[in-house]
Amino acid sequence: MNIAQLTAMRVPHPCRAVCRKGGRIAILLVCLTSFIAPRLLAASPTPAEADKDPVLKAMLDELDRSMSQLQLKGFEKPFFIQYRIEDVEDFETKAAFGASQGSNHTHERVARITVRIGDYKTDSSSQRGDGALQLASLDNDPIALRSALWTGTDQAYKTALSAYAQKQAELKQVQTAPQAADFSKEKPTLSLADPIHLKLDQSAWTERVARDSGIYRTDASVNAGQRDVQYSTTSFHGRAVTTWIVNSEGTIVRKSNSNYQESFGVGTQAADGMHLDRSYVSTGATLSDLDAPESFKKHAVALIASLAELRKAPLVEEEYHGPVLLSSDASADTLRFLLSAGVTATRPKMGTEARTNGAFASSYHARVLPDFIDVVDDPALKTHEGKSLVGAYEVDDEGVPAQPVKLVTAGRLENYLIGRVPVRDFAQSNGHARAGLAGPAQPAIGVMRVTAQNGLSDEALNQKLIALAKDRGLKNVYYVATLAGELTPRLLYKIDADGHRELVRGATLEDLDQRALRSSIEAAGKDLWIANYPGEVPETVLAPALLLDDVTIRRANEKNDKLPFYPPPD
């Protein structure tokens, strides 16, 4: 098939066929030349294939009608419309103390409609996210689908007219002009991945989760302490999402993703009333990525056993200042918490000269990490050491192909993750606009990979930690094995000058912030921990262990609740 044959197809949408207006032929040729001609030998999708998908066909038909007919007399026509429909299948089952608490299976479609008034330089958009939401039919009925889009488009257009007038008035009240355009021009994308469906044995997972939640009383190696367990819960969640995106520039996208997780949590109280909690999560993009039953049970048993150790562990010292070694597991949580939000570029407040928002708003080309650390976000990285990465994707939620972005090179911030809302010095999207279910697309990490030049082994890092203690005349230093919540240690070990480890409890970390990332990291590991975070916007962080020069550890001194007044049932 050649370009001439493709342009002979019936296509009201810029990527579909002969256009009814001469001005749209140029858009069509740009779309075809940029996205089909270079890939003819690779069996790339064609606009004709999009017409075979009943959802895409309905979206394209309604989009073409909206662009040609939508205009309130005396007001502007939209210059841009995007339709995004998400088909979401969810299954969740929960259990506690060895018995099921119930399961829930849902299937729904949600449409998000975006209408922009004005032009690329100044449009009707705001920082809140624009558009209208509508539930869409599940049975692919074209009139039902188009009716939902029509209702949402009408609503979004009326909202955009009001917002555009308000923005024009606000611009007259500020002296400093906007530092970038409101919306970036991007090449049309044609990408058609296969739809995905949630295929799993719901009964088997319900039984497995119930069984796993009772390990604390059925496993011979830990059931002697079952009377100390105050909760034992397990849950399984699976989600499959197919997303369709079309816009008035010619983009046609169908993409899909899935993620699964089984989680286990167990808790008790120490003799002084302190709550002690442990948790474990097995995640993956496919069911086969999850732990096998025996492997999951092994992790659960280890967590239950650790509760007995934590109950006997002494309280951490009241205050400590000095070196702390973060395991690669703890490091991944720390870097996601401190780094990921800072490297996303969002529109600053109107009337300011700021480039973006967040901790690294003014850090472009400045040092944010040691010069031996690099950070790249690469959504195309689907696996690492044989494990799937849930943050991977090919096209973002604005229909822009994902790009690998070198965020930090030799410790200096050289780039931001950005969608189609430009900021100063960054006029184009790099394919990192991502949306939660029915939400607006915002810049977010996909697969953030943090690496260290000449990274050290775990043993070498441990020896370096002990050497720092000896050099400074410290009686002990600390190793953080796991974290919970906002950088709260779950497993914390005090290490003396001879290398002996003692588990302690009741600690909080302080001074672990962006300044510490820039100035306190002494060394990093060579092996990367895979941290998958499913969530509404799935993310993955690959991170090494980090040795920090100076972190404050303090005793939490939180309120301790009374122990139960009588024992649990036999």
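According to my numbering, the stretch in the sequence shown is residues 559 to 1128, in order.
Even glycine gets a Cβ: it sits at the ideal position worked out from N, Cα and C.
- Val668 sits close to Ala694, with the two beta carbons spaced by under 8 Å.
- Taking the Cα positions, Asp983 is about 8 Å away from Ala738.
- In the three-state scheme derived from DSSP, where H, G and I count as helix and E and B as strand, Asp786 is classed as helix.
- Listed in chain order, the non-local C-beta contacts of Glu650 below 6 Å within the same chain comprise Asn662, His795, local neighbours out to five positions each way being set aside.
- Counting other Cβ atoms within 10 Å of its Cβ, Leu729 stays below 16 and is therefore classed as exposed.
- Pro937 counts as buried, since no fewer than 16 other beta carbons sit within 10 angstroms of its beta carbon.
- Gly944 sits exposed, since fewer than 16 C-beta atoms from the chains shown fall within 10 Å of its C-beta.
- Of the other Cβ atoms in all chains shown, 16 or more fall within 10 Å of the Cβ of Lys1052; this residue is therefore buried.
- Note that the region 779 to 799 does not touch the region 983 to 994; fewer than 3 beta-carbon pairs, one per stretch, sit closer than 8 Å.
- Setting aside the 5 residues that flank it on each side, Asp681 is surrounded in the same chain by Arg674, Asp740, Phe741, each with a C-beta closer than 6 Å to its C-beta; the list follows chain order.
- For Val1005 against Leu939, the beta-carbon gap comes to about 5 Å, under 8 Å, which counts as contact.
- Between Ile803 and Thr711, the beta carbon gap of about 15 Å keeps them out of contact (Cβ cut-off 8 Å).
- Under the three-state reduction of DSSP output, Tyr1051 falls in the strand class.
- The residues Glu644, Lys813, in chain order, have a CB closer than 6 Å to that of Thr801 in the same chain once the five nearest residues on each side in sequence are set aside.
- Checking the DSSP bridge columns, you'll see Tyr878 partnered with Ile1111.
- Contact between the region 602 to 613 and the region 627 to 636 is absent: fewer than three C-beta pairs spanning the two stretches fall below 8 Å.
- Excluding the 5 residues flanking it on each side, Asp619 has same chain C-beta neighbours closer than 7 Å at Arg704, in chain order.
- If you check the CB distance, Arg836 and Arg1048 come in under 8 Å.
- Residues Gly783 of the same chain have their beta carbon placed closer than 6 Å to that of Ala866, with the five preceding and five following residues left out of the count.
- Secondary structure of Phe633 (DSSP, three-state): coil.
- Bridge pairing for Thr801: Glu644, Lys813 [DSSP].
- Secondary-structure assignment with DSSP links Pro1001 through a beta bridge to Ala991.
- Put simply, the region 1103 to 1121 touches the region 875 to 885. At least three CB pairs are less than 8 Å apart.
- Within the region 939 to 970, the complete beta strand (DSSP E) segments at least 3 residues long are 963 to 967, listed from N- to C-terminus.
- By a beta-carbon distance limit of 8 Å, Gly949 contacts Ile1003. Their separation comes to about 7 Å.
- For Met908, the secondary structure class from DSSP, reduced to helix, strand or coil, is coil.
- Ser821 sits close to Val839, with the two beta carbons spaced by under 8 Å.
- Beta-bridge annotation (DSSP): Ala1082 is paired with Leu1104.
- The region 1110 to 1124 makes no contact with the region 1012 to 1025, as fewer than three CB pairs between them are under 8 Å.
- Sequence-distant partners of Leu696 (beyond 5 residues in either direction) whose C-beta falls short of 8 Å from its own C-beta, in its chain, are Asp645, His665, Glu666, Arg667.
- DSSP places Thr776 within a helical segment (H, G or I) once states are collapsed to three.
- Between the C-alpha atoms of Pro906 and Leu834 there is a straight-line separation of about 42 Å.
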